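*Asks:* If you use my numbering, the sequence shown corresponds to residues 16 to 853, in order.
Pasting in a structure now, in structure tokens, and then I'll have a few things to ask.
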Amino acid sequence: MHKTEIKIPSREDILAVLRQAQAPLTREQVYEHLKLTEDQIPIIEKRLNAMERDGQLMPNRKGMLLLSTKLDFVAGRVAGHRDGFGFLVRDDRGPDAFLSPREMQKVLHGDRVLVRITGTDHRGKPEGTIVEVTERKTNRLVGRLVSERGILLVIPEDQRIKHDILVSPKDVGNATPGKVVTVEIIEQPTRHSQPIGKVAEVLGELDDPGMEIEIAVRKFDVPHEFNLLTMNQAESIPNEVEHKDLKGRVDLRDVPFVTIDGEDARDFDDAVYCTPSNDTKGGWRLLVAIADVSHYVLPGTPIDQEATKRGTSVYFPRRVIPMLPEKLSNGLCSLNPGVDRLVLVCDMIIGPKGAIKAYQFYNAVIHSSARLTYNQVWDALTDPQSMAAKAMGSGYGDIENLYTLFKVLFESRQRRGAMEIDTVETQVMLDPDGKIDKIVPKRRNDAHRLIEECMLAANVCAADFLERSKHPSLYRVHEGPTVEKLQNLRAFLRSVGLTLDGGDDPTSMDYANLMKKIQGRPDQALLQTMMLRSMQQAIYTPHNSGHFGLAYPAYAHFTSPIRRYPDLMVHRSIKALLAGKRYVPLPLDEREFEDFDPKRRVDKAEELARWDQSGNWFSSTERRADEASRDVMSWLKCFFMKERVGDTFQGHVSGVTSFGLFITLDALYVEGLVHVSELGTEYFQYSDSLHELRGERSGIRYRLTDPINVQVSRVDLDARRIEFRLVQGVKFESLMRDPGSAKPNGKSGNRPQRQQGRRTNPTQLQNAVQDAGKTAPVLPPEESTSSRGVNKKRAADESRSKAAAEKKRKEEIQKAKRVARPKPATGSKMRTAAKKPR
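Laid out in structure tokens, this is it:
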């Protein structure tokens, strides 16, 4: 006798009932609408629960069921974390929503999803449930092929992806276990199953020369090979400027422009020329000529589409992934000496005190007279009798004019309130195998700053021109500190006897004044670091709100169109204005681009939406390039330190988290972690606002810049992590807490516990004033709280040796308390014509 099969209404049947009702229904009402039998109800109960869990239905306060619409959901991108959980990075720029490891089983890092916000955690941060995966972004990834009990897996190199990829033996190709491979995902993960893939590419062994770069470009999805259409178009471009291209351009080939770049530069975006102004009041005429990339890269062409995907050139040690094919980047668009080149010129009249009195933009052709390096220019300026100066011949006078103008512009910058933060940058010297031989500080001189000031002036004029003309474009926006970061900074400054003026809305001048106050203090580096960390990240956006760090009301990137796509868009906007036209970016979405009709009129709302999309996209490609570069550098540094395990070094605290201290070695400029468990058996309090770890019993505290001696204990190449331990018997100079002093705000107790995974290097702080577009990769609060520790058990009886050690330590504390503490301490006028310089 056969058992009768119970027919169960589908999820779509249930959703249809609620859509038709157009009102909340009780479960009983749903059963009535579906005409369920008694046998069906227990099963449909489970289905309703599952639909609630997945966000398709949601109960109201009375327990009645509502149909979730997409308006109830939040769209965004999944950002995975190496510890298994993740976050929704929202499209509407709202606060990130926490995604549990259970939710992350459904997706891979980078996927686009709809999330229902289900509540908040104990800190008030939103938590969510993934309702729908709208787009699978991770279809290929790089990793190592391994065999575990006869099962083949690819372990992703990206620590943000915690799924191992199952590979069938028939889909391995010629790869063998241990090889680095690229795997194509053929079945995406679900809550109950792992992703399945097949090997698409065998890269080689992990320690092969250049493998770290091959991994990084695939790990961060950096486009690194030009397609056939792009290469064919590049080949069709002439090798030299053609006569027909000179029509409508100002001929500046008799003006002695020069390029000034680093010794290893190959693409030259900019050339400069300066001469005293004819104005009787003094001043200068500065011409900044920028490669006219937009003349050769037209919207929608294969080269343009590829450049859009890349967004920026990516720089690695000994290798560059260019935004444009080499024929353009190093050839026809590069302002090489002795050849004609097409340019877009920003022609400025600058007053004797550094104010830009007038400017204009025009298309031109130039013939660069010399390719100079920063070191050559600096040698010539410091010694007019040097070989470098003599080699310049009559051009030396032009360099002197540039240097005189630089000093005036620099003084104007200081009066304006722009921030000047002096940080130590480093460069790696590689051996023939592409591995680090040594790491040395990068020397900056006034030749670097000279060019920097010229570029800043041109960028400001570009932004001003676009804003005055009311033509949409991308601005480089750097907003002031958030309320939370400002509160943390003020709390820290109070602890060292300093204040930041400006109340709840400090200006860049308030920051600049504080930076002047701290010059020469022993803790200057610490204070500068804390001020930098209070800043927001600079972004590209069509909505101008100024540049906080540079103290400009409007700022745009105009000077590097060979290596940055936003600069190319700014060029197109300016050239459209010069021609009496309007530049509207093409759709970024591939499907929209394919359906795009160039003859269709685009309304203002759609136009602004495209600019918004462009700003978001090119901000993300910039971050992607930074992450890839940092990843390669981290791998190289780990490889460099692998042979130094057991060696002892002097260093200083460069980062403080709840789970330990990050130490930068003074001689090697390499950073590693001293885990909190290495600090001793006592309980250490972590203060987020003061950025310190403080022993609860002893009062000993570790803060940024404190000197410390460490031993290299472990190097993990896979996790890009270096671990240190404290050297026994070293006298530390960390400041001690005064008896009776108030406990720090924002503290959280953290006992020793091993933290797995890796952390972004927090010492690679980029100067916001120089607008490199990088922010200090500060550990997010979620990462800190993920390492809740447990105190190590203390022995019931302390031995006499421990008691003696405790007594000696207290003596050191009292001695440290006696160590002296440091004492606290207008708009430009538009002109339409400018005469050709003689």
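Built from N, CA and C at the ideal position, the CB exists for glycine as well.
Note that the structure is predicted; figures quoted are calculated from it, not measured.
#1: For C653, which residues from the same chain have a beta carbon less than 8 Å from its beta carbon, with the 5 sequence-adjacent residues on both sides left out?
#2: Counting along the chain, where does the beta strand (DSSP E) carrying D276 start and finish?
#3: Report yes or no: do the segment 147–161 and the segment 184–200 share at least 3 C-beta pairs separated by less than 8 Å?
#4: Looking at the unbroken beta strand (DSSP E) that takes in C289, where does it start and where does it end?
#5: By Cβ distance below 8 Å, which residues in the same chain neighbour H586 in space, the five residues on each side in sequence not counted?
#6: If we ignore side chains and look at the alpha-carbon of each, how far apart do K422 and Q429 end up?
#7: Kindly provide the ranges of any alpha helix (DSSP H) runs that are 4 or more residues long and lie completely inside the segment 458–489, ordered along the chain.
#8: Counting C-beta neighbours from all protein chains within 10 Å, is the total for T413 16 or more, i.e. buried, or is it exposed?
#9: Please report how far the alpha carbon of P456 lies from the alpha carbon of S673, in whole angstroms.
#10: Under the assumption that L513 contacts L501 (Cβ atoms under 8 Å), give the Cβ distance between them as a whole number of angstroms.
#11: Roughly how many angstroms lie between the CA atoms of A190 and A215, to the nearest whole one?
#12: In this structure, how does DSSP classify L855 when only helix, strand and coil are distinguished?
#13: Taking 8 Å as the cut-off, decide whether the C-beta atoms of L347 and T274 are in contact.
#14: Which residue or residues does DSSP assign as beta-bridge partners of E435?
#15: Within the same chain, show all residues whose beta-carbon is closer than 7 Å to that of D812, passing over the 5 residues directly before and after it, in chain order.
#16: On the CB-based measure, 16 or more other CB atoms within 10 Å of its CB, does G535 come out buried or exposed?
#17: With DSSP as the reference, identify every bridge partner of V443, one or two as the case may be.
#18: Per DSSP, which one or two residues make a beta bridge with W393?
#19: Using 8 Å as the threshold, is the C-beta distance between T245 and Y580 below it?
#20: Measure the alpha-carbon distance for L583 versus H382 and round it to whole angstroms.
#21: Does the pairing of the segment 204–222 with the segment 237–251 give three or more beta-carbon distances under 8 Å?
#22: Under 8 Å between the Cβ atoms of H124 and D173?
#23: Anyone know if the C-beta pair for V122 and L103 falls short of 8 Å?
#24: Is it the case that the Cβ atoms of G95 and M79 are separated by a distance below 8 Å?
#25: Please report the Cβ distance between R712 and E697, rounded to the nearest whole angstrom; I am assuming they are in contact, meaning their Cβ atoms lie under 8 Å.
#26: Which of the three DSSP states, helix, strand or coil, is assigned to R766?
#27: Consult DSSP for S409 and reduce its assignment to one of helix, strand or coil.
#28: What's the gap between the Cα of L72 and the Cα of P204?
#29: Per DSSP, what kind of secondary structure is A569 in: helix, strand or coil?
#30: In the DSSP assignment, what are the bridge partners of H493?
#31: Does Q391 pass the burial test, meaning 16 or more other C-beta atoms within 10 Å, or should it be called exposed?
#32: Decide if E321 is buried, meaning its Cβ has at least 16 other Cβ atoms within 10 Å, or exposed.
#33: Which residues bound the alpha helix (DSSP H) around I230?
#34: For the alpha helix (DSSP H) that contains N378, what are its first and last residues?
#35: Using DSSP with H/G/I as helix, E/B as strand and the rest coil, what is L417?
#36: By DSSP, does Y701 sit in helix, in strand, or in coil?
*Replies:* Looking at the coordinates:
#1: V730, D731, L732, R735, R736, I737
#2: Looking at the DSSP string, the run of the beta strand (DSSP E) that includes D276 is 273–276.
#3: yes
#4: Membership of C289 in the beta strand (DSSP E) is indicated by the continuous run 285–291.
#5: I305, D307, V308, S309, L359, F573, P576
#6: 11 Å
#7: 461–484
#8: First, the residue type needs correcting, since residue 413 is Asp and not Thr in the sequence shown. That one is buried.
#9: 30 Å
#10: At roughly 14 Å, the Cβ-Cβ gap does not stay under 8 Å, so L513 and L501 are not in contact.
#11: 10 Å
#12: Because the chain here runs from 16 to 853, residue 855 falls outside it and cannot be looked at.
#13: no
#14: The partner list for E435 (beta bridge, DSSP) is empty, contrary to what the question assumes.
#15: Reliability fails at D812, whose pLDDT of 39 lies under 50, so the model's placement of it is uncertain and the value that follows must be treated cautiously. Correct list: empty, nothing qualifies.
#16: exposed
#17: I454
#18: In the DSSP output, where bridge partners are listed per residue, W393 has none listed.
#19: no
#20: Their backbone Cα atoms lie some 22 Å apart in a straight line.
#21: no
#22: yes
#23: no
#24: no
#25: So it is a contact: roughly 5 Å between Cβ atoms.
#26: Residue confidence for R766 is low, a pLDDT of 34 falling below 50, so the modelled location carries little weight; the figure read from the coordinates is stated next. R766 falls in the coil class under three-state DSSP.
#27: helix
#28: 23 Å
#29: In the structure shown, A569 sits in coil (DSSP, three-state: anything other than H, G, I, E or B).
#30: H562
#31: buried
#32: buried
#33: 226–234
#34: Run containing N378: none in the alpha helix (DSSP H); it sits in the beta strand (DSSP E), 371–382.
#35: Secondary structure of L417 (DSSP, three-state): helix.
#36: Correct three-state label for Y701: strand.
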